[in-house]
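Asker:
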Amino acid sequence: MEAAKAAGADLAEVRVDLLDDDERVRWAQLVTEKTLPVVVTNRASWEGGKGVLDETERLSVLVEAEQLGAEYIDVELKAASVYRELRNATGAARNAKLILSHHNFERPLSKEELARVQERMISEGADVSKIAMAATSALDNALVFDALLNATVPTVVLAMGEFGQVSRILAPKYGSFLTFASVGVGRESAPGQVVIEKLTDTYRFRSLTPETPVYGVIGNPVSHSMSPALHNAAMKEAGVDGVYVPLKVGQDIPAFIRSMVSYGFAGFSVTIPGKVVAMDAMDTIDSVANKIGAMNTVVKQADGQLKGYNTDWVAAISAIEDGLKPDLLSEKRVVCIGAGGAARGLAFGALERGASHVLVVNRTVAKAQALATELGPARASAVSLDDFNESDAAFDILMNTTSVGMHPSVDDTPVRSERLLHKPLVFDAVYNPLKTRLLREASAAGCTTVSGLEMFVRQAAEQFRFWFEGVEVPVKLMRQVVVDSLES
Ligand code: NAP
38 MEAAKAAGAD LAEVRVDLLD DDERVRWAQL VTEKTLPVVV TNRASWEGGK GVLDETERLS
98 VLVEAEQLGA EYIDVELKAA SVYRELRNAT GAARNAKLIL SHHNFERPLS KEELARVQER
158 MISEGADVSK IAMAATSALD NALVFDALLN ATVPTVVLAM GEFGQVSRIL APKYGSFLTF
218 ASVGVGRESA PGQVVIEKLT DTYRFRSLTP ETPVYGVIGN PVSHSMSPAL HNAAMKEAGV
278 DGVYVPLKVG QDIPAFIRSM VSYGFAGFSV TIPGKVVAMD AMDTIDSVAN KIGAMNTVVK
338 QADGQLKGYN TDWVAAISAI EDGLKPDLLS EKRVVCIGAG GAARGLAFGA LERGASHVLV
398 VNRTVAKAQA LATELGPARA SAVSLDDFNE SDAAFDILMN TTSVGMHPSV DDTPVRSERL
458 LHKPLVFDAV YNPLKTRLLR EASAAGCTTV SGLEMFVRQA AEQFRFWFEG VEVPVKLMRQ
518 VVVDSLES
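Residue numbers (this note's numbering): 38 to 525.
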């Protein structure tokens with residue numbers, strides 16, 4: 038409780054059923070000596086709890102908690118009438134506010150089920166109604182937001198698990214009575230809970246209002262994305278209202294984007310595996326993103342229409358151009374190692390900026406040939422990675438767009454160091470580690486090097502510029518956030 042208080046919690050939940058056997062006798066002491074208002078919960082084993090007491094003993098703990106001064110007690114909806122009878126029989130007064138709760142750890146409740154459960158809670162005398170349900174898809178968050186927006190009594194609705202984490206973070210936006218946070222990593226009492234400091238510091242939970250526009254990164258996986266730390270810090274620094282959340286998605290990306298926009302989402306970053314399918318949810322797509330065939334940014338425009346952009350290519354190409362100064366990409370011979378998503382953006386981008394030729398180099402040569410054909414035979418050709426490493430043809434710029442050299446395989450490099458002796462500019466899309474083996478060897482050979490960090494920071498800066506027109510982008514801070522998280 039002290040840790041929760043120090044971290045800024047308004048309420049502490051005493052989960053009697055989760056206390057160890059030797060701690061269980063202490064629950065009453067926790068209540069009498071509380072330093073925060075408390076919710077006392079003794080979750081039934083038939084509703085996901087860990088208690089060992091029989092039903093009467095279990096509910097008696099809650100009757101006693103009311104008498105000891107607990108501000109709230111949490112009783113399962115299914116036990117509401119038994120609880121009321123028990124309390125009436127003991128003659129105990131009703132001292133605490135009653136949270137009636139319902140949990141489903143298997144699946145989300147339908148809209149109709151949610152309404153039915155909420156009605157029953159009200160008719161059973163709930164001061165607060167609370168429903169926690171497993172999320173099996175990102176779209177389940179819409180059910181949560183709807184149930185909260187239509188609530189007539191103080192209400193908590195949460196979608197559990199990673200798909201539903203955003204429902205916990207955005208609780209104040211949709212009017213939830215409270216949200217649950219954990220006091221530390223590994224100390225969550227339900228799946229998807231966020232650590233309290235992260236909730237208050239990163240997501241600025243205290244300043245979220247119904248008007249706060251929401252942004253987020255759509256992907257799978259997203260739990261390790263650095264984008265939430267970067268964009269939230271930038272919004273705070275720039276003094277704009279907004280929050281940026283991780284959004285784990287499944288197959289339903291276009292429907293999810295459309296749905297969330299109707300709940301006050303104003304923009305998205307899109308990462309693997311959404312960069313192509315997200316295009317289906319757009320009203321318009323920027324012409325270069327269309328050519329590349331992939332996007333990473335959704336902007337909700339003033340007229341409500343959604344426009345898709347690709348900021349990856351501008352980010353990487355502008356970083357390369359800064360490295361080339363005072364020269365530009367115009368008339369340069371470019372080697373693109375890789376033929377995947379990042380390669381498409383960089384290869385099209387290089388031609389867009391006037392490169393004379395792009396040689397696509399890939400482990401799987403057929404993919405390199407396919408990309409070169411799309412780029413146009415007049416200005417692009419293809420070769421296998423092995424053949425490229427064996428040859429000695431010169432070039433001006435080399436861009437690695439493969440994951441070779443990425444943590445933990447930091448001793449790998451896609452390019453033989455001898456291929457760099459004529460000092461081309463070398464760019465590496467990998468940014469973990471910041472100095473890949475490729476970049477180290479390029480520096481040693483006297484090449485100008487450009488790190489994937491620049492691409493990552495600039496693609497985010499460009500997104501921020503789209504979302505907050507006219508606001509100065511705190512690029513330096515963005516860079517620092519990424520460097521700090523990589524170093525930690
Ligand atoms: P992708 O579509 O899966 O493409 C991966 C490419 O890497 C393919 O060409 C693949 O060759 C090649 N590759 C993978 N493992 C290889 C190996 N062991 N040896 C040789 N080639 C190998 O992935 P992507 O989206 O383009 O991303 C590629 C990299 O760019 C990732 O490391 C990603 O983190 C990075 N990236 C960075 C930023 C940034 O902001 N800095 C942005 C986007 C991406 P095959 O065709 O032979 O499989």
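Note that the Cβ used here is the ideal one computed from N, Cα and C, for glycine as well.
All values reported here derive from a predicted model rather than from experimental measurement.
Per DSSP, C484 is paired with what?
Answerer: Note: C484 sits in no beta bridge, so no partner.
Asker: Do you know how far the Cα of R131 is from the Cα of V98?
Answerer: 14 Å
Asker: Return the CA-CA distance between N79 and Q104, expressed in angstroms with no decimal places.
Answerer: 15 Å
Asker: Below 7 Å, is the gap between the Cβ of K472 and the nearest heavy atom of the ligand NAP?
Answerer: In this structure, the ligand NAP has no non-hydrogen atom nearer than 7 Å to the beta-carbon of K472.
Asker: Look at the alpha carbon of V100 and the alpha carbon of V231, and state the distance between them as a whole number of angstroms.
Answerer: 30 Å
Asker: Judging by CA-CA distance, which residue of A498, V154, A129 is the nearest neighbour of V518?
Answerer: A498
Asker: In chain order, what residues of the same chain have a beta carbon less than 6 Å from the beta carbon of V165, not counting five sequence neighbours either side?
Answerer: I136, P191, F214
Asker: Taking 7 Å as the cut-off, is the C-beta of V314 nearer than that to any heavy atom in the ligand NAP?
Answerer: no
Asker: How many Å lie between V314 and A384 at the Cα?
Answerer: 21 Å
Asker: With the cut-off set at 8 Å, would you say V397 and A419 are in Cβ contact?
Answerer: yes
Asker: Between F57 and G198, what straight-line distance do the alpha-carbon atoms span, to the nearest angstrom?
Answerer: According to the sequence shown, residue 57 is Asp rather than Phe. Going from the Cα of D57 to the Cα of G198 covers about 24 Å.
Asker: Tell me the residue span of the alpha helix (DSSP H) that contains T127.
Answerer: 117 to 127
Asker: For the ligand NAP, I want to know if A380 counts as a neighbour, meaning its beta carbon is within less than 7 Å of at least one of the ligand's heavy atoms.
Answerer: yes
Asker: Pick helix, strand or coil for T78, following the three-state DSSP scheme.
Answerer: strand
Asker: For the candidate residues D364, F302, A44, whose alpha-carbon lies nearest to that of T249?
Answerer: For the options D364, F302, A44, the alpha carbon positioned closest to that of T249 is the one of F302.
Asker: May I ask which residues mark the beginning and end of the alpha helix (DSSP H) holding L7?
Answerer: In the structure as shown, the chain starts at 38 and stops at 525, and residue 7 therefore has no counterpart that could be examined.
Asker: Under 8 Å between the Cβ atoms of K42 and T72?
Answerer: yes
Asker: Between the C-alpha atoms of A49 and L408, what's the straight-line distance to the nearest angstrom?
Answerer: 57 Å
Asker: Look at the alpha carbon of K337 and the alpha carbon of A126, and state the distance between them as a whole number of angstroms.
Answerer: 58 Å
Asker: With a threshold of 7 Å on Cβ separation, who are the neighbours of G162 within its own chain once the five nearest residues in sequence on each side are excluded?
Answerer: L135
Asker: When the Cα of L176 is compared with those of I255, N187, V372, which residue comes out closest?
Answerer: Comparing alpha-carbon positions, the option among I255, N187, V372 lying closest to L176 turns out to be I255.
Asker: Around the Cβ of D320, are there at least 16 other Cβ atoms within 10 angstroms (buried) or fewer (exposed)?
Answerer: exposed
Asker: Taking C-beta to C-beta, are R295 and N269 nearer than 8 Å?
Answerer: no
Asker: Mapping DSSP to helix, strand and coil, what is S428?
Answerer: coil
Asker: What residues are listed by DSSP as bridge partners for F305?
Answerer: G253, V335
Asker: State the Cα-Cα distance for the pair A376 and K328, rounded to the nearest angstrom.
Answerer: About 15 Å.
Asker: For K54, which of P74, E524, V76, K87 has the nearest alpha-carbon?
Answerer: It should be pointed out that residue 54 corresponds to Asp in this sequence rather than to Lys. The residue with the shortest Cα to Cα distance from D54 is K87.
Asker: Apart from the five residues on each side of it in sequence, which residues of its chain come closer than 7 Å, Cβ to Cβ, to S440?
Answerer: V467
Asker: Taking only the alpha-carbon atoms, compute the straight-line gap between A188 and A171 and give it to the nearest angstrom.
Answerer: 20 Å
Asker: For T246, does the count of other Cβ atoms within 10 angstroms reach 16, so buried, or fall short, so exposed?
Answerer: Counting of Cβ neighbours within 10 angstroms places T246 among the exposed residues, the total staying below 16.
Asker: What do you reckon, is the C-beta of A466 under 7 Å from a heavy atom of the ligand NAP?
Answerer: yes
Asker: Can a CB atom of chain D be found closer than 8 Å to the CB of N399?
Answerer: As a matter of chain content, chain D is missing from the structure shown, which is built from one protein chain.
Asker: Using the three-state DSSP reduction, which class does K71 fall into: helix, strand or coil?
Answerer: coil
Asker: According to DSSP, simplified to helix, strand and coil, what is R52?
Answerer: For R52, the secondary structure class from DSSP, reduced to helix, strand or coil, is strand.
Asker: Quick one: residues in its chain with C-beta nearer than 7 Å to the C-beta of G229, no 5 flanking neighbours on either side, listed in chain order?
Answerer: Same-chain partners within the cutoff: M197, G198, E199, G201, Q202, R205.
Asker: Just the C-alpha distance for L361 and V447, rounded to the nearest angstrom, thanks.
Answerer: Approximately 26 Å, taken between the alpha carbons.
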